[in-house]
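Counting the sequence shown from 1 gives a position; my numbering is that position plus 32.
Yeah, the Cβ is synthetic: ideal placement off N, Cα and C, and Gly gets one too.
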Amino acid sequence: MHDDGRERLLHHLLREQASRQPDKAFLTQDTRTFSYAQAEVATNRLACGFAGLGVVKGERVVVMMPSGIDMALVWFALCKLGAIMVPVNQSYRGAILLHQLNTSDAGHAVLHAESLSPLLELGERLARFRHVVLLDGDVASAAQASALGEVHAFESLFAIDATARMPPVDVWDPMAIFYTSGTTGPSKGVLYGHGQAYASAVPMALPMAADDVLYFFSPMHHVALPVLFGAVLIHGASIVLRPSFSVGHFWSDVRRHRVTTVMMLGAIANFLYRQAPGDDDRDHALRKVLMVPLLKDLDGFCRRFGCEVFTWFNMTEVNTPIHSDGFNLVDHRSCGRVRVGTSARLVDANDRAVAEGQVGELVLRTDAPWELNLGYWREPEKSLEAVRNQWFHTGDLFTRDKDGNFYYVDRLKDAIRRRGENISSFEVEEEINQHPAVLESAAVAVPADESEDEIKAVVVLRPGAALAEIDLVRYLMPRMPKFMIPRYVQIVAEPLAKTPTGKIRKGPLREAGSTGCWDGTAANEQAGG
């Protein structure tokens, strides 16, 4: 029988679950809840509203909204139209924001009122949208002040008849453009397909069941959106939303909503584990934790909180290719084994397989089509470079043991992960280099106290210029989000060492760590901040 792929479309799964269990809670945020049926109806109406503004299949729509129910509804509506969502971090501003908005070539935008000012500050450099949908703002005032495009109230899109016919959408169609960290240039837009979304969600769904309640606090401008929502939809489970992670609210939310499942990326598990133990540490329903990376004292974490842990390796361009066998972890270091239907190799710089136990770059391909990314948006050369010799090159280094267990080693790229965000060192450097006193700079990752990375900036000043570290940080603060501000700054007199092709040698800068650097956190504490 021919597989039309509909069962691998997440918005089709929403329709199926709305038919099977219409009254079951699907989305909850604070006191607001949407059942499966309510979500299906609302996203149908919203899709028709977008269609009424001229949004068509394949068109890009910028979305700058807080994570939550409304953004989820927008995403499903655009999926039903076959439009391509371009989610943009609300913290972005300046050149970083301009790059993502203009390269996406979007004709429409959905903006929270707080996102208007950063866009208007870009002035004539920003290409005009045909239509702007505004959430939580004064439409009349925005329309008068805005040079962005024709402004509409978000609520007005729901007032259109929801019986209009939606275009056919297939697994090979693009769903979104997720911008991921650039290392030798600005951030690249990963063209993320419907088939990739479903495939990426399957490993998360394996340990789950229909009675699970998943707690979602990850940024929705990341691929956590399709991965976690997809896992919930596969089972017809429920999801509880919070716009961002909060240590203070975590356990109260878990208890209040009877949360059973959660994803803990980066330092989150460490933040929770370092809280003072309490008599109620096991007084909750949480039993299933996806943790990446695994804590060193994983057994202690599981004993204290009464849960089981599974893990994986994933990135924006791929399909969660490596994961643990449910909660049966090989040890506390392995990411797991290759998933069924995906092939993986570890190779050297010339794509030759490395020996067992040796470090190599992870390269991938899949048995079924459309389970990896569809390329980098409008960057065909980078797309071809990533898929060499018929294998997708992840840029990440691993080792593999005799039993096929994979161990993450490091990244080839210069991207930095800090506070749950992937950061382009190139973009940090671009902003630093705009300071009139700066000749050149290099941004590198150094170890953080809580895991993940801190940012170290090594800066060379122009001849005769003077600049204090704190003044550089103050210069950067209005120009980039807080998580991109370097913690460590080192101002040096000599030009930075270069490769024969003129690139800065970052290896020695990383290896030196934070020794001898000005520490912004320490300076803030000394000042009583």
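Could you give the DSSP three-state label for residue i: helix, strand or coil?
i	result
P479	strand
T60	strand
S149	helix
F66	strand
G368	strand
R542	helix
A381	coil
G552	helix
M144	The sequence given here has His at residue 144, not Met. Strand at H144.
R290	coil
P353	coil
R267	Before going on, a small fix: residue 267 reads as His here, not Arg. Here H267 sits in helix by DSSP.
P309	coil
G392	strand
P206	strand
Q558	helix
P532	Residue placement at P532 is poorly supported in this model, since its pLDDT is 45, which falls under 50; the coordinates still yield a value, given next. If DSSP states are grouped into helix, strand and coil, P532 belongs with coil.
S178	coil
E39	helix
R494	coil
V255	coil
W402	coil
M198	coil
T215	Only weak support is given to the placement of T215: the predicted model assigns it a pLDDT of 44, under 50, and the question is left unresolved by the model.
T547	coil
Considering residue i, what are the terminal residues of the beta strand (DSSP E) in which it resides?
i	result
H163	163 to 167
E417	Counting along the chain, E417 falls outside any beta strand (DSSP E), though it belongs to the alpha helix (DSSP H) covering 412 to 418.
G332	Careful: G332 lies outside any beta strand (DSSP E), inside the alpha helix (DSSP H) at 330 to 337.
K220	220 to 225
T135	T135 -> not in any beta strand (DSSP E); alpha helix (DSSP H) instead, spanning 126 to 136.
M296	293 to 297
M323	320 to 324
Q49	Taken as a continuous stretch (DSSP letters only), Q49 belongs to no beta strand (DSSP E), being part of the alpha helix (DSSP H) at 42 to 52.
D428	423 to 432
I523	520 to 524
I10	For the chain, the structure presents residues 33 to 561; residue 10 sits outside this window and is missing.
M240	From DSSP, M240 is part of no beta strand (DSSP E); its letter is neither H nor E.
D119	A quick correction: the sequence has Pro, not Asp, at residue 119. First-last of the beta strand (DSSP E) with P119: 116 to 119.
Using only CA atoms, which one of the options lies nearest to residue i?
i	options	result
A175	A145, F190, L189, P200	A145
V492	E486, E526, L154, E484	E526
R432	S473, P510, D311, V362	V362
K267	A308, A554, P275, A242	Checking the displayed sequence, the identity of residue 267 turns out to be His instead of Lys. When each option's Cα is compared against that of H267, the closest is A242.
I536	L499, E557, E461	E461
A109	K56, G368, C80	C80
L86	D315, V164, R274	Here residue 86 turns out to be Gly, not Leu, going by the sequence shown. Residue V164 is the option with its Cα nearest to G86.
T292	F248, A555, L167	F248
G84	R506, S51, A191	A191
L143	L304, Y124, D137, D168	D168
G225	W409, W550, G373, P540	W409
A159	L223, S136, H289	S136
K530	Q307, R306, V264, E472	E472
K112	Q390, G90, R371	G90
I487	A69, L499, W550, P495	W550
Which residues bound the alpha helix (DSSP H) around residue i?
i	result
R274	Run containing R274: none; DSSP gives neither H nor E here.
E459	457 to 465
R157	Per DSSP, R157 belongs to no alpha helix (DSSP H) and is neither H nor E.
F303	300 to 305
I101	101 to 113
E501	501 to 508
Which whole-angstrom value describes the C-beta separation of residue i and residue j, a residue pair presumed to lie in contact below a C-beta threshold of 8 Å?
i	j	result
S375	R397	5 Å
F82	L189	7 Å
P258	F342	The Cβ separation is near 19 Å, so there is no contact.
I116	R92	5 Å
I502	A477	In fact, because the Cβ distance is near 22 Å, the residues do not count as touching under 8 Å.
T426	V395	7 Å
V521	V505	7 Å
V94	L133	6 Å
Q228	L404	6 Å
R336	D312	Rounded, the Cβ-Cβ distance is 11 Å, inconsistent with contact.
V350	F424	7 Å
R274	H316	Between H316 and R274 the Cβ distance is about 16 Å, and since that is not below 8 Å, they are no contact.
A185	V171	5 Å
Closest Cβ-Cβ distance between residue i and chain D: below 8 Å?
i	result
P527	In summary, chain D is missing from the structure at hand, where a single protein chain is found.
Check whether the segment 121 to 140 touches the segment 513 to 524, counting contact only when three or more Cβ pairs, one atom from each stretch, lie closer than 8 Å.
Taking 8 Å as the limit for Cβ pairs, the verdict is that the segment 513 to 524 does touch the segment 121 to 140.
Segment contact flag, the segment 379 to 386 with the segment 254 to 263, C-beta cutoff 8 Å, min 3 pairs:
Because the criterion of three Cβ pairs below 8 Å is not met, the segment 379 to 386 and the segment 254 to 263 do not touch.
Given 8 Å as the limit, is there contact between the segment 461 to 468 and the segment 419 to 437, that is, 3 or more CB pairs closer than that?
The segment 461 to 468 and the segment 419 to 437 do not touch, with fewer than 3 CB-CB distances between them shorter than 8 Å.
Contact between the segment 100 to 114 and the segment 53 to 73 (3+ Cβ pairs under 8 Å)
In the pairwise beta carbon analysis, the segment 100 to 114 is classified as touching the segment 53 to 73: at least three pairs are separated by under 8 Å.
Whether or not the segment 221 to 237 and the segment 274 to 282 are in contact is what I'm after, with contact meaning three or more pairs of Cβ atoms, one per stretch, closer than 8 Å; do they touch?
With a cut-off of 8 Å, the segment 221 to 237 and the segment 274 to 282 do not count as touching, because too few Cβ pairs lie within range.
If you pair each beta-carbon of the segment 293 to 301 with each one of the segment 310 to 328, do three or more pairs fall below 8 Å?
They touch, by the three-pair rule.
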